[in-house]
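Residue numbers (my numbering): 547 to 998.
In this text, a Cβ means the ideal position worked out from N, Cα and C, and glycines have one as well.
Worksheet: one structure, shown below.
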Ligand code: ASP
């Protein structure tokens, strides 16, 4: 293929997103999708489901080894426990700050618009809530009793804790651990390569994921809940384009326009998978290769953010609380709203970035302020689409904070940030095997066999 005809992966993924939306909506609007019908069974819950699910599995497959190796490299790369502590506390503070801004703005705007007033509708959809885990449990669970089990479960905070401690111990062992550290570096590079391979099929997978979601979308519900959906999407966009960009500019001085352009790929993956956790490999790749954040910072801030930073989810909680309080005619008062803010920020720390977890967190908030949990049934039908949008916002927040912290620590390559071409993946390149390298490797293996 000639140079001019090559298309970057991002463009292909965006085309997949667009086509998936059109096909999914067409299936939905034309009512081609009766439950149990041919399209429902073989297309939406057949091919689309299969392709999408396999891809999300492939992304999840990368998360644990990638986080483990990149964090070991990150810790050894920083090489200084004080700096490590500073990166940790700065990112924690910024994550809390952006989440607090998000939910405060959400409650403010939702209260002013008065959404849900006079709706007085009781839902017959049941939603089983969850109780907030005590803060002590959240803190205790950071330390794994068995790191292998935490890895098997994909629990991020214990994995982060163990990997950091492992990295620190390697540094302390010093020269003797050199080979191990180098091994981790090579393993990290191999995992990054694996990210590229998995991403090469992303355009088709994104198509399947979006087409399935759109085909199953409750369009009639969207219209019915127009007030809630409109305010929620409005505040999410406001946070993404205004609040987060102000934070980025103020704390790092970097151009928001470049940031917004470069973050697109990660946003599309977050949108399609509705999971910050599954998007970790893409976010990590985007902030390191496209934005110039050093792995020593990103390897920590990205998985940490995917777990504890959920601006979009906090916004949903703020808007949903006001909406449902209005529907049920409950006056929460200032103390009630302050409790909601505090609870949302805390709930985001203890819960993982996986699809639908926002609703579970919302039920914890409701239980705390005394709103009826069954009210959540009202917004259940539109939650998948809202989840997709808020996950894109969550991941953008992780990238903003990663960039700010890296810039502040001098672990940032501005030339990468400014170069529009940096880190762009070309699909053929992603899965290309260099013949020269292959030959060299075969020769090297042959030589070791001969000398044996
Ligand atoms: N799906 C979101 C995430 O992974 C969490 C949520 O709001 O449900 O970040």
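Start and end of the alpha helix (DSSP H) containing residue i?
i	result
residue 849	841–854
residue 795	790–798
residue 734	724–745
residue 594	Counting along the chain, residue 594 falls outside any alpha helix (DSSP H), and DSSP gives it neither H nor E.
residue 709	702–719
residue 652	627–659
residue 573	555–575
residue 774	772–784
residue 963	960–964
residue 905	903–915
residue 822	822–831
residue 697	693–699
residue 587	Counting along the chain, residue 587 falls outside any alpha helix (DSSP H), and DSSP gives it neither H nor E.
residue 815	810–819
Which of the three DSSP states is assigned to residue i in this structure?
i	result
residue 972	strand
residue 759	helix
residue 549	Confidence in residue 549 is poor, its pLDDT being 43 and thus under 50, which makes the residue's placement too unreliable to answer from.
residue 877	coil
residue 928	coil
residue 1000	Any question about residue 1000 goes unanswered here, given that the chain covers just 547 to 998.
residue 748	helix
residue 978	coil
residue 663	coil
residue 955	coil
residue 898	coil
residue 837	coil
residue 616	helix
residue 921	helix
residue 764	coil
residue 611	helix
residue 802	helix
residue 967	coil
Can you list, in chain order, the residues of its chain whose CB lies under 7 angstroms from that of residue i, leaving out five sequence neighbours each side?
i	result
residue 549	For residue 549, the predicted model reports a pLDDT of 43, less than 50, meaning its position is unreliable and no value from the coordinates is stated.
residue 903	897
residue 571	760
residue 598	751, 754, 755 and 758
residue 608	737, 740, 741, 744 and 827
residue 547	Residue confidence is low: residue 547 scores 40 on pLDDT, short of 50, so the model does not pin down where it sits. No coordinate-derived value is stated.
residue 850	637 and 706
residue 881	none
residue 622	713, 716, 717 and 727
residue 657	868
residue 595	758
Please go through the same chain and pick out, in chain order, the residues whose beta-carbon is closer than 6 angstroms to the beta-carbon of residue i, but skip the five residues on each side of it.
i	result
residue 982	none
residue 907	893 and 897
residue 789	647
residue 749	558, 559 and 562
residue 576	none
residue 606	824
residue 869	661, 662 and 774
residue 699	none
residue 831	741
residue 808	836 and 837
Closest by CA to residue i, which one among the options?
i	options	result
residue 948	644, 880, 775 and 727	644
residue 920	928, 958, 930 and 909	909
residue 555	967, 994 and 988	967
residue 944	641, 605, 589 and 595	641
residue 632	842, 888 and 838	842
residue 713	937, 792 and 624	624
residue 838	980, 864 and 963	963
residue 601	768, 939 and 816	816
residue 856	596, 588 and 820	820
residue 864	852, 853, 879 and 886	886
residue 876	651, 912, 990 and 763	912
residue 709	859, 565, 854 and 615	615
residue 781	618, 989, 935 and 701	935
residue 916	925, 989 and 879	879
residue 770	569, 926, 858 and 566	926
residue 937	796, 874, 965 and 779	779
residue 682	610, 639 and 895	895
residue 629	980, 961, 986 and 956	956
residue 972	747, 566, 724 and 764	747
So, is the C-beta of residue i closer than 7 angstroms to a C-beta in chain C?
i	result
residue 930	Among the protein chains of the structure shown there is no chain C, as only one such chain exists.
Return the chain-ordered list of same chain residues with a C-beta closer than 8 angstroms to the C-beta of residue i, the five sequence neighbours on each side being excluded.
i	result
residue 704	687, 688, 689, 690, 693 and 696
residue 573	579, 585, 589, 590, 757, 760 and 761
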